[in-house]
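As given, the protein sequences belong to chains C and U, one line each in that order.
In terms of my numbering, the first sequence is numbered consecutively and its last residue is 518.
In terms of my numbering, the second sequence is numbered consecutively and its last residue is 490.
We put the CB at the ideal spot given by N, CA and C, even for glycine.
Structure, as structure tokens:
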Amino acid sequence: MSTQNEIVNSIIEFIDSDSTNEKEFNDLSIQIFAYQYENNIPFRQFAVQQGTSPRTAKTWRDIPPVPINAFKSVFLSCCEPSSLGRTFMTSGTTQDGIKGKSYHPLLDVYDASMKKNFKERFLGDLDDLEKIKMGILFPDESSMPNSSLAHYLSLSIKQFGTHCSRYYLDSHGINFEQLFEDLECAQNTRTAFALLGASFSIVHLLDKMEQENQRFNLPPGSRILDTGGFKGQSREIEQDDFYNQLSTAFGIPRSCCVNMYGMTELSTQFYDDGNETCPAIKTGPHWIKSRVVDPLTRKDVPKGKPGVLVHCDLAHFNIVSTILTEDAGIEVNDGFILSGRVDGENAKGCSMAVDEFLRATK
Amino acid sequence: MTKFTENAGHIPDFLLADVKWHDLEFEAGADTVYVKVPMLAPEQCTQLSDKIKISSNNFLRQEKVSDIVELIDKAIERLLNRDDPFRIKAEQLLPIVTGFDKEMVRLSLTEYLKTFRKPQLLKFLNEDFPNPKILDEFQPAIKGGFAKAFGPNCLLHIWAGNVPGLPLWSFISGLLVKAGNIGKVSSSEPLFASWFAKILIEIEPKISDCLAILWWEGGKLEQENILLRAADVVLAYGGNDPLKQIQDRTPITTRYLPYGHKISFGVVSANVLDAQKSWSVAHNAANDIACYDQHGCYSPHIFFVEQGGHISPRDFAQYIANELSCFQEKFPRRSLTTNEAIEIAKWRNQQEVLALSQPDAEIFSDKDGAWTVCFSECPGKFSLSGLNRTIRVVSVSTLETIIPLILPYKKFLQTVGIAATPKELFQLSESLGRSGITRICALGTMTKPEAGWHHDGRYNLLDLITLTEIESSAETASEFFANYTD
Chain C
157 MSTQNEIVNS
167 IIEFIDSDST
177 NEKEFNDLSI
187 QIFAYQYENN
197 IPFRQFAVQQ
207 GTSPRTAKTW
217 RDIPPVPINA
227 FKSVFLSCCE
237 PSSLGRTFMT
247 SGTTQDGIKG
257 KSYHPLLDVY
267 DASMKKNFKE
277 RFLGDLDDLE
287 KIKMGILFPD
297 ESSMPNSSLA
307 HYLSLSIKQF
317 GTHCSRYYLD
327 SHGINFEQLF
337 EDLECAQNTR
347 TAFALLGASF
357 SIVHLLDKME
367 QENQRFNLPP
377 GSRILDTGGF
387 KGQSREIEQD
397 DFYNQLSTAF
407 GIPRSCCVNM
417 YGMTELSTQF
427 YDDGNETCPA
437 IKTGPHWIKS
447 RVVDPLTRKD
457 VPKGKPGVLV
467 HCDLAHFNIV
477 STILTEDAGI
487 EVNDGFILSG
497 RVDGENAKGC
507 SMAVDEFLRA
517 TK
Chain U
5 MTKFTENAGH
15 IPDFLLADVK
25 WHDLEFEAGA
35 DTVYVKVPML
45 APEQCTQLSD
55 KIKISSNNFL
65 RQEKVSDIVE
75 LIDKAIERLL
85 NRDDPFRIKA
95 EQLLPIVTGF
105 DKEMVRLSLT
115 EYLKTFRKPQ
125 LLKFLNEDFP
135 NPKILDEFQP
145 AIKGGFAKAF
155 GPNCLLHIWA
165 GNVPGLPLWS
175 FISGLLVKAG
185 NIGKVSSSEP
195 LFASWFAKIL
205 IEIEPKISDC
215 LAILWWEGGK
225 LEQENILLRA
235 ADVVLAYGGN
245 DPLKQIQDRT
255 PITTRYLPYG
265 HKISFGVVSA
275 NVLDAQKSWS
285 VAHNAANDIA
295 CYDQHGCYSP
305 HIFFVEQGGH
315 ISPRDFAQYI
325 ANELSCFQEK
335 FPRRSLTTNE
345 AIEIAKWRNQ
355 QEVLALSQPD
365 AEIFSDKDGA
375 WTVCFSECPG
385 KFSLSGLNRT
395 IRVVSVSTLE
405 TIIPLILPYK
415 KFLQTVGIAA
425 TPKELFQLSE
435 SLGRSGITRI
445 CALGTMTKPE
455 AGWHHDGRYN
465 LLDLITLTEI
475 ESSAETASEF
485 FANYTD
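In structure tokens, the structure reads:
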């Protein structure tokens with residue numbers, strides 16, 4: 157049976173290998189499954205309940221996907237709590253107020269996964285050691301130590317940001333004055349600027365800019381990365397409107413506005429290749445694979461039909477690598493499209509909305 | 005593939021020429037229904053409410069309540085007649101519009117409509133008015149003097165569409181108290197109220213100007229505000245948040261009757277769990293779950309099953325699962341949108357995860373996810389089902405232990421379906437009543453309230469009327485002024 161060290165080394169090696177060999181992915185996924193089955197007791201119980209074990213699983217598709225709400229109530233980890241380095245928790249207030257947790261004994265794999273993928277997908281046109289001026293619209297890592305996104309952004313700025321990169325959001329909100337000044341400077345000195353942050357913070361920025369009639373024409377090479385959608389954080393904006401507004405407000409073509417789809421329950425992120433057209437196709441690197449399943453039968457739906465996403469992320473080695481999300485999606489080409497909720501579709505049923513019910517006891 | 009077009013709504017003739025229509029589209033399988041609903045401009049809303057007030061004064065208020073009962077009875081008789089064109093349409097279109105199984109809609113409609121025939125309507129009246137003539141003329145009051153009940157001149161209904169035919173409850177209540185009725189149908193079931201209005205008008209054309217069945221987009225406040233101001237009584241169904249918004253826009257002098265979302269559950273005593281009776285109890289429980297796929301406020305979310313019977317709560321959960329599987333053959337669950345399926349999956353995933361920490365828990369489910377029964381030995385918190393034939397069955401040591409579990413949700417409770425001995429029934433009903441339950445019925449009838457049901461424990465008709473009392477002093481004093489006085 158593999159040790160944590162061996163698993164970590166195999167994964168980092170695989171990440172570095174650029175292998176697109178299906179068999180190699182499968183072999184490693186089953187090796188990680190066996191490791192998690194052995195060391196993560198609740199996961200083993202779950203796999204038994206689902207009638208699967210590393211003996212019977214032949215490919216990554218056979219690994220039972222763990223529903224993400226298990227991350228809330230079950231201690232899913234291959235190592236003891238005492239040897240945990242970092243715990244990431246989901247944001248947002250969920251129905252029951254309990255947060256999903258991802259336990260990381262070390263962040264080497266997470267960081268390797270993030271850096272390689274980020275460089276390729278967001279900064280693909282930059283030379284190896286080239287850096288870019290970054291502006292982050294999200295709190296820094298020290299103020300949100302349990303946020304995987306804060307860690308992600310901190311890695312991005314440390315690894316790829318020039319020394320004058322900075323955060324523009326803290327407990328007092330967005331520092332618009334400084335941000336506008338720096339954007340103007342980037343515009344005037346023709347220095348490429350990368351703006352990264354939570355989608356809803358960027359919406360707040362857009363609102364402020366419109367209010368103050370503020371616009372920039374950032375030089376070529378400038379780009380924007382948004383993530384997280386607008387889930388319950390203010391009004392929903394049509395994706396097309398959002399990227400049109402971004403493009404107009406910053407003078408950045410929609411093709412340079414990238415959306416990242418990541419989850420606390422994973423160690424690898426998905427990106428699109430810009431949002432020239434919406435919805436853009438999301439793809440991940442060679443160490444993560446996704447399929448679209450019927451939410452009730454958990455069987456693959458035919459390509460092109462809607463279902464929920466299952467991801468098998470080899471980098472998420474300490475918890476469980478294969479998760480069943482609550483995100484609706486459609487498989488296309490070599491990636492997927494996230495399909496948003498249709499308003500009012502859950503309104504059927506006198507059976508009250510769950511949140512109303514839960515509020516009853518508060 | 006069949007396409008149907010149906011005109012819904014009703015507008016008095018004088019406005020008809022200038023009304024705009026909106027198309028609502030419904031699809032089920034290969035069939036599509038386009039429903040045209042009338043949308044009034046703000047100024048038309050004012051004209052409409054004025055007209056309805058005048059017409060109901062001139063016609064409905066002049067009618068005897070017994071004549072109105074006859075009229076409703078005739079309309080219901082037509083809807084019960086399977087050869088009637090409206091009944092044929094209902095059986096054909098409602099399954100497409102709501103997605104519910106055809107046979108289930110047919111059977112449930114009949115059961116439902118039966119509660120509005122003449123004898124049942126008389127019971128309905130009698131529940132609230134020991135002497136229904138009080139709706140026709142001043143009647144002697146027990147305390148002395150005389151009293152007459154006046155229905156609202158203009159009653160505005162804002163209906164929900166979770167279960168087909170639901171608007172009939174308040175619509176018929178409005179008619180019985182001789183109110184002019186304006187109803188807003190829901191986008192998810194705009195047809196039934198419209199058909200009922202059309203049949204009434206076919207039978208009695210004079211009622212046409214006393215009724216309007218409308219639709220407007222959610223959030224179109226201008227029209228809604230005009231009607232809220234025009235109405236004497238506003239009756240609305242829906243979630244608490246939308247209900248609150250309506251309340252905020254309703255004048256303080258207008259009576260507002262909100263019917264918020266409610267939840268219901270089932271209770272099974274150990275005494276009924278023997279080898280002979282358990283199957284039929286489970287059948288009835290499954291019937292309550294399957295009927296309209298738990299979309300009603302009276303549909304069960306959880307079954308509390310008492311330990312100590314010959315059949316264990318776990319076996320009983322298995323019985324329910326078997327019965328649900330039979331119901332799936334007979335009346336398949338409506339097909340779900342991806343988002344609805346995700347909602348069920350979330351609930352089921354949550355139950356699965358809970359089961360990991362409770363070795364005694366068990367999940368029964370069919371391979372396509374058409375129904376799910378989650379059994380647990382420890383009741384945990386009272387929680388909702390995932391709807392669409394998903395149910396929790398939990399074991400309890402005694403029936404009374406249910407009370408503390410449900411008490412926090414007092415404001416949201418409605419129906420309890422119960423299988424217990426007479427002694428247990430009355431004992432438990434006392435505690436259930438204190439915990440906010442307003443309706444206790446046999447298992448198998450949770451979705452079929454009896455005629456005269458007091459919805460959410462309220463007086464359906466009394467809540468609508470105002471009483472005008474002639475005090476005995478006025479009567480006595482009038483004698484003094486009579487021309488025959490000596």
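query	result
Return the CA-CA distance between U:G456 and U:A321, expressed in angstroms with no decimal places.	33 angstroms
Compare the C-beta of U:L429 with all C-beta atoms of chain C and state if any pair is closer than 7 angstroms.	no
Do the region 364-382 of chain U and the region 469-477 of chain C touch if we need at least three Cβ pairs shorter than 8 angstroms?	no
Inspect the CB distances between the region 307-321 of chain U and the region 333-346 of chain U and report whether three or more fall short of 8 angstroms.	no
Starting from C:F202, find everything on chain U with Cβ-Cβ shorter than 7 angstroms and list it in chain order.	L360
Return helix, strand or coil for U:M450, following the three-state DSSP convention.	coil
Assuming contact is defined by CB atoms lying nearer than 7 angstroms, are U:D77 and U:K122 in contact in what I supplied?	yes
Could you pull out every residue in the same chain whose Cβ sits closer than 6 angstroms to the Cβ of U:A325, ignoring the five residues on either side in sequence?	F368, V377
Could you please tell me which residues of the region 367-378 of chain U, in chain order, have their CB closer than 9 angstroms to any CB of chain B?	Among the chains of the structure shown, chain B does not appear; the protein chains present are C and U.
Excluding the 5 residues flanking C:I486 on each side, which residues of the same chain have their C-beta closer than 8 angstroms to its C-beta?	V448, G460, K461, P462, G463, F492, I493, S495
Is the Cβ-Cβ distance between U:K55 and U:D213 less than 7 angstroms?	yes
What residues are listed by DSSP as bridge partners for U:I395?	U:V377
Comparing the C-beta of U:Q354 with each C-beta of chain C, is any distance below 7 angstroms?	yes
Give a yes or no on whether the minimum CB-CB distance between U:T472 and chain C is below 7 angstroms.	no
Tell me, please, which residues DSSP counts as bridged to C:C413.	C:I380
Per DSSP, what kind of secondary structure is U:R259 in: helix, strand or coil?	strand
Against C:N225, what residues of chain U qualify as contacts under a CB-to-CB distance less than 8 angstroms, listed in chain order?	K350, N353, Q354, V357
Any idea if U:K371 is buried or exposed, counting beta-carbon neighbours within 10 angstroms, 16 or more meaning buried?	exposed
Within this structure, are the beta carbons of U:L471 and U:A151 separated by less than 7 angstroms?	yes
Under 7 angstroms between C-beta atoms, does C:A484 make it to chain U?	yes
Please check if any C-beta of chain U sits within less than 7 angstroms of the C-beta of C:D464.	A small correction: the amino acid at residue 464 of chain C is Val; Asp does not occupy that position in the sequence shown. Yes, contact with chain U.
May I ask you to report which of helix, strand or coil DSSP gives U:Q143?	strand
Going by the CB atoms, is the gap between U:L232 and U:L261 shorter than 7 angstroms?	no
Do U:D140 and U:V69 count as a contact pair if the criterion is CB distance below 7 angstroms?	yes
Which first and last residues belong to the beta strand (DSSP E) in which C:C320 is found?	Careful: C:C320 lies outside any beta strand (DSSP E) and carries neither H nor E.
For the alpha helix (DSSP H) holding C:H260, just list the boundary residues, first then last.	Careful: C:H260 lies outside any alpha helix (DSSP H), inside the beta strand (DSSP E) at 257-260.
Counting along the chain, where does the beta strand (DSSP E) carrying C:A213 start and finish?	Here C:A213 belongs to no beta strand (DSSP E), and DSSP marks it neither H nor E.
Return the CA-CA distance between U:S329 and U:D245, expressed in angstroms with no decimal places.	36 angstroms
Write down every uninterrupted run of the alpha helix (DSSP H) in the region 397-438 of chain U whose length is 4 residues or greater and which is fully enclosed by it, in chain order.	406-410, 426-438
Write down the C-beta distance between C:I358 and C:F316 rounded to the nearest angstrom, noting that I regard them as a contact closer than 8 angstroms.	The pair is not a contact, with the Cβ atoms about 19 angstroms apart (cut-off 8 angstroms).
Going by beta carbon distance, what residues of the same chain come within less than 6 angstroms of C:M365, once the five residues before and after it are set aside?	A405
Quick check on DSSP: helix, strand or coil for U:H14?	strand
Cα separation between C:I167 and C:L470?	7 angstroms
Would you kindly check if the distance between the Cβ of C:L240 and the Cβ of C:P261 is under 7 angstroms?	yes
On a CA-only basis, which of C:D172, C:I197, C:Q201, C:P223 is nearest C:D264? Give me that one, please.	C:D172
Return the residue from the list U:E81, U:K334, U:L277 that minimises the CA-CA distance to U:I203.	U:E81
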